[in-house]
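FYI, our numbering numbers position 50 of the sequence shown as 89, with every residue one higher than the one before it.
Before any comments, here is the structure.
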Amino acid sequence: MINIRPISDLRNRFSEIEHLVLSQEEPVFLTKNGYGSMVVMSLEQYAALTDPIEQKLDEADHAAEASPIRYTADEVFQRVKGRIHERDKV
């Protein structure tokens, strides 16, 4: 269940929010003036979201170091546009 709280609860009920985040292993969404403001989550939840991305970026860095081929931004965009154009013709 999504847990939405006013941002004032972060100041007034920090311990309660901390307990919710850690015990339910779910983020708490905070609102300010009725609009979404921020999300509070545990370090474990954050790591679960970001670790796979960090791993893929590290793999891409290693692959780039191993490859002698380098492309300019213009070359990359031309290749992407060409592939999109080819796909649209099919």
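Idealized CB from N, CA, C, for every residue including glycine.
| query | result |
| --- | --- |
| Going by the CB atoms, is the gap between VAL60 and LEU69 shorter than 8 Å? | no |
| Per DSSP, what are the beta-bridge partners of THR70 in this structure? | PRO45, GLY75 |
| Quick check on this structure: which residue in GLN63, LEU49, ASP48 has the alpha carbon closest to the alpha carbon of MET40? | GLN63 |
| Flag ALA99 as yes when its Cβ comes closer than 7 Å to any non-hydrogen atom of the ligand COA, and as no otherwise. | Inclusion of the ligand COA in the displayed structure is not the case, the ligand content being empty and no account of it being possible. |
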